[in-house]
Every structure is written in structure tokens, then in C-alpha cells.
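Input: a single structure, listed below in C-alpha cells.
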Amino acid sequence: MSTSIAFVNDEHIPDGYYTIKNYGLASLVALRPREKELCGSVRASQENSFVWSITRVSHGKYLIKSCPNGLVVQCAAVPQENGVIYVDRESFYWEIQQVSPIEPDCYMILPKRESRLVWSLADGQDGTSVRIDGLDQPLPSRQLKHQVVFAQCTSNRRYWWRFMRVTDQEIENICDTSPSASQPYHATVHIYLQISVSALEFEPPPFPAFLFGRDDFISTAVDLILHKPPARLAILGPGGVGKTTVAAAIFSWEAIDIWDGDQQNMLKLLKLLDGYKQLTIVITMRGFLRPAASSIKWTRPALNPLQVLSCDAAMQAFKAITPLNDDTGLEKLVESVEYLPLAVVLLAHLGQMDISPSELLEMWLKEKTGLLSQNSGDKSDCLQTSISLSLHSPLMLQNHHALKVLKIICYLPAGVKQDSLHYIAGVTQLTILRATEILLKTGLVNPLQHGRWKVLSPVRHYVLQYYSCNMTETNLINKFYLKLAEISGSVHNTDSLDILANIAMVQDEKDNVVHILDLCLKEFDENTDVVIAVISFTWFLVKTIPSTHLVEKAITLCSSSDMKIRCEMLRVFGETNRMLSNDVKAKEALKEAQSQSQQIGDKRGAAWCLQSLATQALQEAQSQFQQIGDKRGAARCLQDLGNIHRMLNEYSAATKALTEAQSQFQQVGDKREAAWCLQSLGNIHSALNKYSAATEALTEAQSQFQQIGDKLGAAQCLKDLGDIHTASSEYSAAAEAQTEAQSQFQQIGHKRGTAQCLQSLGEIHYDLDDYSAATEALAEAQSQFQQIGDMLGAAQCLQSLGNIHSTLNEYSAAAEA
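Heads up: the sequence shown begins at 10 in this note's numbering, then just goes up one per residue.
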């Protein structure tokens, strides 16, 4: 026979009819009469079937069928080297990949993407015996007819194949001359023969007896059908959302004439019908992705996937089936099934047995999806059957990662962020993309909302009941969320810029973190990682929505010999209660934590507890000052609280307290304390790198100190302004400010201020590579710190001196420092 076009050289092979030719041996792939195994026929002949129907079903995946009998090309479930390729009636999808851009018309055919096995022609051309899997005895190669078998992938050109399109005329010629054909090749006849004629003779479904909340959707669909002919509409959505019901309502419009057919070979049928210019097509399809998007021009604007009902519509649907005198609990009931129409209808039928919505809700919480079925078990009146149909669809069976991903999404009450799913599942992002595509096509997951994959409540409970995660999967999930909980605690010891970033990261996963930590505590085995995660996450909650739920459980369960961990649990428990104004519990926990910290020599932990107790005492004192009308006393408490927050890098709370304190001091005429509040606010701006606002506040505070004759306050503001100049690399202005501040501190005999200015001047000289001046200033500062017993300041100077010696390669002196 002749061919009408050259070999295909596209990345993706278009749907159609082809001959498949081996590049190395120039043999055509053929199927001999009454045989199932594929062989390599050196030339075409009427006794061999050598035309193949190829249909692309997804990226790189193809369905290959024999012509004229329509049998599917496939292989054993576990392909082996030298295993035969044969035809049968089961579905099977092949990976077809271009060899390379240099050989664009050559392809390799694999059973799956990651396989190292490819189609080949059997070895043994020299007459030697070759063993073929499935045969008891080896056969001489002359008896093999060059069978198509699997081989390990190499650069051998016997493993390369070319595809040549066969024309429609040639297809018809084959039909006319092939007496062995079980059915004709021609596409139109071939498809229509597979459609049940009885499916074309039916009565249109009646308008639904109960239909609520769908008016806008139906109106949009009818408008598109009537005003954008010929319309191509797909009604999409998850199982049980009411797609068929909505379609029946659309069919009931008098201006619309309808036809229906079964869904066998739906994709090919759609392509065929799409060619008829005056034919309106409306399909209902489970899932969220329109079929044949590359070959059918769906009407725009396309119908959005059908959503679950609104709360009001769900309640109306329930009451239309089961009228209620008292609908107490009905709103919570329909909410518990996330307003899924089939679930609402099934619950309403149960309500006809005089079961109240509140009782039904209690039953649902216990029985879950087992409650939502009727005796027939059909998908239209059994939610379990509806979900099971999706889970056992061919799409789900061809990708084993899809069920794994679905189980993970269902395991977590808030769903999973798209960006995190591949980390949690332990697979590549490409694997997740393919799995979620299948889950969308089957309607088992909802389309992405705010970057999250979620499922409807009935689907989640069904999967949890019948497809629970295995230990490996739960370990991966726990590992991810325990790490996230541990990270969340960093907000306790960082500035507000980082807090905002961490809060944004953790806030989205808060419900999932709580869920995982709760599960870990239920199965607690003295795992300190879980306790540390609980402590860290509770600190995060202190800064957002305080809760003692998790840490209180941990304190009860944990009998750890690590007293430091127990002290930390008590401290965060006490701090959380303080934030919740549970003063008695807060004091008890903090005092116990302080006492135990002292016993184990943890001075820092004890100090933190004292600070929390001091904060609580200041809050109580402020409240009492307010009760007796002492505004100055209340303002001082606010000022102290603000400075505590500032030292803890809790800048938002510090700013709020100090601003309020400044206002109250101004109201009572206390200019000095108001100026100190302004100075503290300036330092907060500086810590947040808001140098313009910091300079403005400190300059104003310095002016106010000068007006009231407070030389210490003015000198402190001048020193702080010098620090801002240093941070801005304005060294000349910085040195000038620090020198002037040092002078003012010396005049009033403030040794710590003088030493601090000297230390700052030493650092400025160091930055300017003036090591001699830097050494002199830092040595003097160190001496003054030692005189007043400030060991921290002296140590800092000594460290800076060591850095200078190291820079000058004076390693002996550096080590000594």
C-alpha cells in the first residue's frame, strides 16, 4: 500500500490510524490472523493486520488498538525482558517518547514512563534459539516471525519505531478487502456501531421535583444554548453534587430539543459530533476538567463547575422532603456534610422517620457515610456507591500515586497547601501534578482554593474509613507538621519583621498542626520531639490566639526526666494563662517553673519566669492604679510594660504600651516621663530599621529633655542618634554625635554612658580601618566597664579587641583577648 504523508515527527503523535515501522529492520508491526502476539512483518499483506488506531489519552500516554478488530495492545502486569506484546480487550496505556531532537521521527514505546524496557524485535536472526516469556520451550528464530518483545533500553536502532499516518481512503479500502474484519474501520460507522440504539430512544427526564439554589446556573446554561448556537456545554462537579438533576432541569425548557446517548466511547463520540455545525451538545461529567479540551471548542464563557448548595438552599431542600415544625440543629446538620445535595437528600429521607435534625447530626458524627445510603445501593441514592465509583475509575487505577495523595489530603482537616504536598508525600512535584489532575477529573478533590487542595466532608470520612494512611504515610505527615510546629516557636524570640513572615507561614497550617499534635499526644510514647513541638507551637499561639489545649495535655502525659523541658512547659502554660487573664493559674505555673529552674541551675529560665511574674504584677498594679484614679501610677506601669516588651523584641506590644503611656504622662503634665517614652519609641523604630522615624522621635525627645534641663536624657538621645548614623554608614556624623554624648555623660558623672560612647567610637574607628584609634578607645571603654562592674560591656570590648588583633594577623594577642 502507499502512504499519503511522511513519518510523524511531532513531540506528540496526533490521534489517527498508523502503520508502525521498525527503524533498524524496516519491519511493520503486524497481527497475524487468529494470533494475539504482535510480530514484525517484513512487508504488508492482506493476511496481516498492520494498521493501528492510536489515541492520546494524556501527556505521553497513548491507547493503541489493532485494526480491524479493535483489540487493545498491552503486556503483562509486570513486564519482563523478552516478554511478548499482545492484544486483548482490557485497557492499557503506553508511553511513546521521541528518541531525540536529532531523530524527531523516531520513537521508543514503553509500558510506563519510568520503565527501562522498550519495544523491540526478538533477537536470533541467525537461526539460534530464543526463549520467549510465556513459552515452555525455546523456539528457533525462524519460527518467531520477528515477534515484538521487550528489551532493555539502549541506543540500538532495533528499539526505534516510526509512525506513518494512513488515509481515510486507505482505511475504506482495507475494510472492503478484509473479510476477516469483525467490524469496519471507517471512523463514523465504527463509533456508531458501539452506541446502543436503544439509548437513542428514550423519554426526556422530568423536571426535578426538588430543586433549590440552581436558578442562576440553569439560566446561564439555557442562555448559552439559545443565544450561542451550536453550544458545547459541560456540566462538571463532584459525585453527588446534582449534575444530572441540573441537566434534567435544562432539558425541560420548551425551546430546547434534546438527544442522549450512553457514555461508552464518549471522547470519540464528542469529537465526531463536534463536526456537526448545528448540533448542541450538553454533557454531564464527574470531575472538574472538561474532556477533549484540545479538540472540542467548548462554548465561552464556559459553565463553572457545579458547586455545593448554599446553606439556605440546602435547608430548603431538606424541608421540601421532610417538613419540620422545629428546625433546630438543621443548619449544623447540612453544614456537617458541606451542603452536598445528595447527602442532604439522603439525610432528609431519614428525617421522614421522625428523626430530628439534632438526632441525625449525632448519628452522622458516629456513622459518617454509612448513614447516607438507601437499599438499592445505586449511585443516585447511595453516597458510598457514588464515592466508590470515583475511587475505582480507570483513571484512578492507572496512577497509584493518586490514591496516596488523596489519602494525605483527607488525613488533614484543613486540606494541604499545593506547595507543601510533594514534601509531605515524599514524591516529585511532577508526580503530584499528574495525581491531582486525575483527582480533579474524578471529582474527588475540589479545585484549588487559596492554594489548598481540599475534599468535601463525606469524601474525607469515606476515605478515612476505608483507605486509611499506612504507617509510612503518617510518619511523613507527622514529620512535616512537627517540624512546622517547631519552627513556629521562633516567633517568640525574634523581631516583628520575622514574626510577620513566620505567622503568615504557620497561620495557614494552624488547624493541621493542632490536629497532628493532638493525634501524637493521643499515642504519646514519651517522644520529646512531640513535646518540643507542642511547646514551640504554644508560644506561637501566645502571640496569635492563646490556647492551653495542647500544652496542658502534654504536662499531664509527660513524665520526662528532662526537667528543663518540664520547666519550659510550665512557663509557656503560665504565660498563656497570663495572656488569657487566668491570673491564679498563671502565678502557680510560673512560680513552679521558677522554682524548678533554680533547682536545676537554669538561671536564664528562672529569670524568664520572674520577668513574666513581673509583667503580671505590673498589669495588676496598673489595674489597681486605674481603679483608684491614679493616672501617673497607671502610666508608669504601662511604661514599664512597654520597656519589657521592647527588651523581649515584642515591638508591636511595646509600641502600643509606650504610646499610651506617653499620652497619659502628657495628660498629667509629666514631661520627663513623656520624653523617656518618646526616646524608647525612637529605639523601637531604629530596631525595625525605620531610621527616618527613629531620628525624628529621638530628636524630638532630645529637645524635650533639654527644655526641662534633663542632661542625662538629652545625652542618651544623642548617643542613640549616633548609633543610627553608624547603622546608616554615616561615620563622620556618628563619631561627632558619640563624642558629644561622651562629653555630656562625663559632665554629669555617668560612667556607664561614657563607657558606652567610647565603645561605640571604637567600633566606628574599626569600621574605618583606623585600628590604632579603635584599640585605644575600646581599651579605655573596657577599663571603665570593669570599674563599674559591668562585666558584659567589658567582655564585648575584649571581643572587639580580639577581632582587631586577628585582622592585623596578631594571632597570639587575638587568642589572649
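Glycine included, each C-beta is placed from N, C-alpha and C at the ideal position. Everything numeric in this text was worked out from a predicted model, so none of it was measured.
Its Cα nearest to that of I564, the residue I544 stands out among P555, I544, L550, L359. The beta carbon of M588 sits closer than 8 angstroms to those of V551, P555, all from its chain and outside the five residues before and after it, given in chain order. Taken through DSSP and simplified to helix, strand or coil, M578 comes out as helix.
Counting along the chain, no beta strand (DSSP E) covers N313, and no H or E run does either. Remark: C-beta atoms of L650 and A666 approach each other more closely than 7 angstroms.
Here K252 is buried, its C-beta having at least 16 other C-beta atoms within 10 Å. Taking a 10 Å sphere around the C-beta of H774, we find 16 or more other C-beta atoms and assign the residue as buried. Each residue's CA atom was taken as its position, placing L473 and S261 some 39 angstroms apart. In this structure R299 is in contact with A243, their Cβ atoms being roughly 5 angstroms apart against a cut-off of 8 angstroms. The straight-line gap separating the alpha-carbon atoms of Q713 and S741 is approximately 25 angstroms.
Residue range 25-31 is occupied by the beta strand (DSSP E) that includes I29.
Per the Cβ contact rule, the region 467-481 is in contact with the region 397-416 (3 or more Cβ pairs under 8 angstroms). Of the candidates D527, E112, G92, G92 places its Cα closest to the Cα of S129. Per DSSP, the unbroken beta strand (DSSP E) holding M173 starts and ends at 170-174. For P113, the uninterrupted beta strand (DSSP E) segment begins and ends at 112-119. Judged by their CB atoms, S36 and S58 are not nearer to each other than the 7 angstroms cut-off. Between the alpha carbons of Q636 and V677 lies a gap of roughly 17 angstroms. In the structure shown, S67 falls within a strand segment according to DSSP collapsed to helix, strand and coil. The region 421-440 and the region 338-357 do not touch, with fewer than three beta-carbon pairs separated by less than 8 angstroms.
Listed in chain order, the alpha helix (DSSP H) runs fully inside the region 510-549 are 519-531, counting runs of at least 4 residues. In this structure, V560 lies near V581, with their beta-carbon atoms less than 7 angstroms apart.
Under the three-state reduction of DSSP, Q407 is assigned to coil, being neither helix nor strand. If you keep only unbroken alpha helix (DSSP H) runs of at least 4 residues inside the region 593-633, you get nothing at all. Collapsing the DSSP output to three states places W685 in a helix. Ranking P120, E112, E20 by CA distance to the CA of V87 puts P120 first. Runs of the alpha helix (DSSP H) spanning 4 or more residues and lying entirely within the region 400-453 occur at 403-406, 409-420, 427-434, 438-451, in chain order. In chain order, Q711, F714, Q715 place their CB closer than 6 angstroms to the CB of A723, counting only its own chain and leaving out the 5 sequence neighbours on each side. Boundaries cannot be given for T337, as no beta strand (DSSP E) includes it and DSSP labels it neither H nor E. Per DSSP, the continuous alpha helix (DSSP H) segment holding Y775 begins and ends at 760-776. Two segments are said to touch when three or more pairs of C-beta atoms, one from each, lie closer than 8 angstroms; by this definition the region 425-434 does not touch the region 364-379. Q796 sits exposed, since fewer than 16 C-beta atoms from the chains shown fall within 10 Å of its C-beta. L777 is classed as exposed because its beta carbon has fewer than 16 other beta carbons within 10 Å across all chains shown.
Just measuring C-alpha positions, the residue of S67, K45, V60, M117 sitting nearest C84 is K45. Membership of T735 in the alpha helix (DSSP H) is indicated by the continuous run 720-736.
For S815, no beta strand (DSSP E) run applies; the uninterrupted alpha helix (DSSP H) run containing it begins and ends at 800-816, by DSSP. Relative to the Cα of C320, the nearest Cα in the group S345, E597, I330 belongs to S345.
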